[in-house]
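Working notes for the structure below.
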Amino acid sequence: MSVRAEIKQQKSANKASLKYDQYFAEHRRRQTDLILAHNPHGGRICILGAGNCMDVDLPRISEVFAEIHLVDIDREALEGAKRRLPATVARKIHLHTPVDVSGANKTLEDWRNFKVTEEVLLEFPARAADEIKARLPGPFDCVVSSCLISQILLTCTRVLGEEHPLLQAGLITLLVAHLRLLAALTKPQRNALWITDVSSSEIAPLPPPGSQVDGAVLLQTLAATNRLFTYLQPNLITDLARQDPQVSASGDFADPPETWLWHNGPHRSFLVYALIFSAGNGPNDSA
Ligand SMILES: C[S@@+](CC[C@H](N)C(=O)[O-])C[C@H]1O[C@@H](n2cnc3c(N)ncnc32)[C@H](O)[C@@H]1O
Numbered sequence: 015m016s017v018r019a020e021i022k023q024q025k026s027a028n029k030a031s032l033k034y035d036q037y038f039a040e041h042r043r044r045q046t047d048l049i050l051a052h053n054p055h056g057g058r059i060c061i062l063g064a065g066n067c068m069d070v071d072l073p074r075i076s077e078v079f080a081e082i083h084l085v086d087i088d089r090e091a092l093e094g095a096k097r098r099l100p101a102t103v104a105r106k107i108h109l110h111t112p113v114d115v116s117g118a119n120k121t122l123e124d125w126r127n128f129k130v131t132e133e134v135l136l137e138f139p140a141r142a143a144d145e146i147k148a149r150l151p152g153p154f155d156c157v158v159s160s161c162l163i164s165q166i167l168l169t170c171t172r173v174l175g176e177e178h179p180l181l182q183a184g185l186i187t188l189l190v191a192h193l194r195l196l197a198a199l200t201k202p203q204r205n206a207l208w209i210t211d212v213s214s215s216e217i218a219p220l221p222p223p224g225s226q227v228d229g230a231v232l233l234q235t236l237a238a239t240n241r242l243f244t245y246l247q248p249n250l251i252t253d254l255a256r257q258d259p260q261v262s263a264s265g266d267f268a269d270p271p272e273t274w275l276w277h278n279g280p281h282r283s284f285l286v287y288a289l290i291f292s293a294g295n296g297p298n299d300s301a
């Protein structure tokens with residue numbers, strides 16, 4: 015698949031999910047509660063992959079944060095989300111679109127066609143994080159990656175193809191780039207949230223809406239039976255963050271993740287987890 019077709023698909027998925035707003039209610043409450051619990055200082059928040067903004071309760075967020083920066087590749091989705099807000103909330107919204115938060119869309123087809131060297135791949139995370147950071151008015155008091163990284167990995171998988179020899183290296187490269195971006199955008203002593211879907215009702219039997227679920231047990235069961243999205247299990251993310259010199263110099267993730275179910279319509283559900291990244295005092299903080 016081409017990158018262009020992938021972006022088109024992301025945009026039509028955003029359009030198609032608009033009518034399912036009420037299904038997002040519990041997911042939205044969990045995500046908003048978590049953001050507010052870990053960011054009592056307010057200030058400026060940046061939400062990456064904000065799309066239709068059905069993941070976050072922006073009126074509640076606006077009670078605490080003075081500026082809300084929304085970033086997505088889909089301009090129409092962000093503009094629609096802003097239009098649906100009361101004027102008092104909309105005044106605090108700043109849109110950054112179209113921004114490719116992976117930094118890879120312009121290069122994925124080169125990766126597929128082997129027009130990439132090992133050196134270029136190794137340098138990618140630093141370059142991509144710098145490029146995207148330069149397009150946003152950071153650093154922020156809070157950064158949220160809002161069910162975005164799974165889409166970034168999916169785009170790479172679809173463009174390269176499941177059997178491509180560079181796929182594994184490409185996915186890890188994109189994960190490191192996204193971790194570096196989160197670290198680079200977050201002010202010292204503030205928090206970022208890595209929130210992602212990690213399994214879906216298409217690959218695992220997930221409980222229906224309204225069920226009481228122990229997300230941690232579900233996560234463990236699905237991990238044991240290999241039904242989590244490739245490279246998105248939380249322990250891999252925390253390990254990558256701790257092994258990467260840039261990310262580990264900026265802060266660390268707290269374990270364990272919070273988990274919950276996201277029903278994004280009548281037919282599909284996802285298991286979601288959130289990891290909290292606490293930025294230290296600065297790049298060389300060892301505390
Ligand atoms: C699964 S949706 C997340 C739901 C969204 N937060 C909401 O509340 O509607 C993923 C979002 O990531 C965006 N996205 C996918 N790839 C992207 C990229 N490379 N850069 C920026 N945004 C991207 C999509 O346009 C979509 O809005």
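In case it helps, my numbering puts the sequence shown at residues 15 to 301. Ideal Cβ placement from N, Cα and C applies to all residues, glycine included.
Note on the region 41 to 111: whole alpha helix (DSSP H) runs with a minimum of 4 residues are 72 to 78, 89 to 97 and 101 to 104, in chain order. A direct Cα-to-Cα measurement between alanine 255 and alanine 268 gives close to 11 Å. Membership of glycine 184 in the alpha helix (DSSP H) is indicated by the continuous run 181 to 199. Sequence-distant Cβ neighbours of threonine 244 in its own chain, meaning closer than 8 Å and more than five residues away, are Leu167, Thr171 and Leu185. Within its own chain, the residues whose Cβ lies closer than 8 Å to the Cβ of threonine 102, once the five positions on either side in sequence are excluded, are Ser76, listed in chain order. Counting of Cβ neighbours within 10 angstroms places threonine 131 among the exposed residues, the total staying below 16.
Comparing C-alpha distances from lysine 201 to each of Gly152, Ile163, Val286 and Val212 shows the shortest one belongs to Gly152. No Cβ-Cβ contact shorter than 8 Å links histidine 52 with asparagine 295. Non-local beta-carbon contacts of proline 112 in its own chain, meaning distances under 8 Å to residues more than five positions away in sequence, involve Asp86, Ile87, Asp88 and Arg89 in chain order.
With fewer than 16 other Cβ atoms from the protein chains shown falling within 10 Å of its own Cβ, phenylalanine 128 counts as exposed. The region 177 to 196 makes no contact with the region 39 to 59: fewer than 3 CB pairs, one atom from each, lie closer than 8 Å.
Boundaries around serine 262 are those of the alpha helix (DSSP H), 259 to 264, since no beta strand (DSSP E) includes it.
Here leucine 220 is not near leucine 289, since their CB atoms are 8 Å or more apart.
Under DSSP, the beta-bridge partners assigned to alanine 293 are Gly265. Aspartate 266 has its Cβ no nearer than 7 Å to any heavy atom of ligand 1. With a cutoff of 8 Å on beta-carbon distance, alanine 64 and serine 160 are scored as near each other.
Judged by DSSP secondary structure, valine 157 falls within the beta strand (DSSP E) whose first and last residues are 154 to 160.
Non-local C-beta neighbours of phenylalanine 79 in its own chain, meaning closer than 6 Å and more than five positions away in sequence, comprise Gly56 and Ile59, ordered along the chain. Collapsing the DSSP output to three states places threonine 239 in coil. Nearest to alanine 198 by alpha-carbon distance, out of Ala140, Asn119 and Leu136, is Ala140. One alpha carbon belongs to alanine 95, the other to glycine 265, and they sit about 32 Å apart. Arginine 43 is classed as exposed because its beta carbon has fewer than 16 other beta carbons within 10 Å across all chains shown. DSSP lists Ser283 as the bridge partner or partners of histidine 277. Setting aside the 5 residues that flank it on each side, arginine 149 is surrounded in the same chain by Val113, each with a C-beta closer than 6 Å to its C-beta; the list follows chain order.
Counting every other CB atom within 10 Å of its CB across the protein chains shown gives glycine 175 a total below 16, marking it as exposed. In this structure, the beta-carbon distance from isoleucine 209 to valine 157 does not fall below 8 Å. Between the C-alpha atoms of glutamate 81 and lysine 106 there is a straight-line separation of about 5 Å. Arginine 126 sits buried, since 16 or more C-beta atoms from the chains shown fall within 10 Å of its C-beta. Residue burial annotation: glutamate 137 is exposed, with fewer than 16 other C-beta atoms found within 10 angstroms of its C-beta. Assignment of beta-bridge partners to aspartate 228 by DSSP yields no partner.
When the five nearest sequence neighbours on each side are left out, the beta carbons in the same chain lying within less than 7 Å of the beta carbon of alanine 237 are those of Gln247, in order along the chain.
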